[in-house]
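K.L.:
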Amino acid sequence: AILETLYACGLRVSELAGLDVDDIDFDGSYLVWFGKGSKQRLVRMPLGNIAQREVISHPGAVGVVPVTKEDEVVLVRQYRHPVGAYLLEIPAGKLDKDQESPDDCARRELKEEAGVEFKDLIELIKFHNSPGHSNELFHLYMAQVESIGEMSPEGDEEQDMERVIIPITVALQMIDDRQIVDAKSIIGLLMAARRLGIPS
227 AILETLYACG LRVSELAGLD VDDIDFDGSY LVWFGKGSKQ RLVRMPLGNI
277 AQREVISHPG AVGVVPVTKE DEVVLVRQYR HPVGAYLLEI PAGKLDKDQE
327 SPDDCARREL KEEAGVEFKD LIELIKFHNS PGHSNELFHL YMAQVESIGE
377 MSPEGDEEQD MERVIIPITV ALQMIDDRQI VDAKSIIGLL MAARRLGIPS
């Protein structure tokens with residue numbers, strides 16, 4: 227019955243033939259299978275009906291709005307392949323190191339991506355980036371910049387990353403002008419401005 231259900235929901239015959247019990251994960255209200263491509267789940271909804279969902283399992287991520295004493299923000303411009311464009315963003319990264327806390331990840335990402343050293347890290351909010359298809363929990367911080375040094379990018383996608391330092395008021399105007407379109411950065415900049423008492 228399980229194999230029939232999986233086949234009916236799109237799993238290939240070739241994948242069924244090599245399916246192990248370990249390949250099927252019953253996760254609460256989910257029936258999960260791991261095949262080629264994305265992960266699909268049959269989900270029992272609150273009213274009892276069954277729906278098929280594409281789900282991306284994510285370890286979580288952090289983002290930081292680094293603010294200088296002059297109320298400038300340190301942003302990065304990097305190429306984002308899925309949208310085919312360079313985006314201006316707050317420094318951010320995945321929680322993909324073993325046993326790394328969100329605070330430690332924030333410190334690491336600020337150093338790697340923006341060359342920023344800071345003293346205080348203030349948690350602004352935690353939120354789900356795209357709950358329709360991912361379980362990613364995003365931890366958003368603000369940091370008071372102490373010094374700005376050399377960037378130390380890691381990975382191919384960070385090699386052409388550019389650091390951009392602008393007044394937070396300019397960044398807020400760029401949101402209005404649709405020049406900053408990254409969701410985490412919009413949330414972070416608006417919340418940091420509110421925390422600093424800057425009209426947004």
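Position one of the sequence shown corresponds to residue 227 (this note's numbering), numbered consecutively onward. Ideal Cβ placement from N, Cα and C applies to all residues, glycine included. Quantities reported herein were computed from a predicted structural model and do not represent experimental measurements.
(1) Leaving aside the five residues before and after Glu372 along the sequence, list all residues of the same chain whose C-beta is less than 6 Å from its C-beta, in chain order.
(2) Residues in the same chain with beta-carbon distance under 8 Å from Glu376, minus the five sequence neighbours each way, listed in chain order, please.
(3) Is DSSP giving Val288 helix, strand or coil here?
(4) From this set, Pro272, His284, Gly274, which residue's C-alpha is nearest His359's C-alpha?
(5) For the alpha helix (DSSP H) containing Glu335, list its first residue and its last residue.
(6) Secondary structure at Pro272, three-state DSSP: helix, strand or coil?
(7) Return yes when at least one heavy atom of the ligand PLP lies under 7 Å from the C-beta of Asp322, else no.
(8) Can you name the start and end residues of the alpha helix (DSSP H) that Leu321 belongs to?
(9) Would you kindly report the start and end of the unbroken beta strand (DSSP E) that includes Met387?
(10) Could you check whether the segment 324 to 337 touches the segment 302 to 316, counting it as contact only if at least three pairs of C-beta atoms, one from each stretch, sit closer than 8 Å?
P.N.:
Based on what the coordinates show:
(1) These residues qualify, in order along the chain: Glu343, Phe344, Lys345.
(2) Setting aside the 5 residues that flank it on each side, Glu376 is surrounded in the same chain by Gly341, each with a C-beta closer than 8 Å to its C-beta; the list follows chain order.
(3) Val288 sits in a strand when the DSSP states are folded into three classes.
(4) Nearest to His359 by C-alpha distance, out of Pro272, His284, Gly274, is His284.
(5) Looking at the DSSP string, the run of the alpha helix (DSSP H) that includes Glu335 is 328 to 335.
(6) Residue state for Pro272 is assigned as coil, using DSSP reduced to three classes.
(7) The ligand PLP is not part of this structure, which contains no ligands at all.
(8) No alpha helix (DSSP H) holds Leu321; DSSP gives it neither H nor E.
(9) From DSSP, Met387 is part of no beta strand (DSSP E); its letter is neither H nor E.
(10) Under the three-pair Cβ rule at 8 Å, the segment 324 to 337 does not count as touching the segment 302 to 316.
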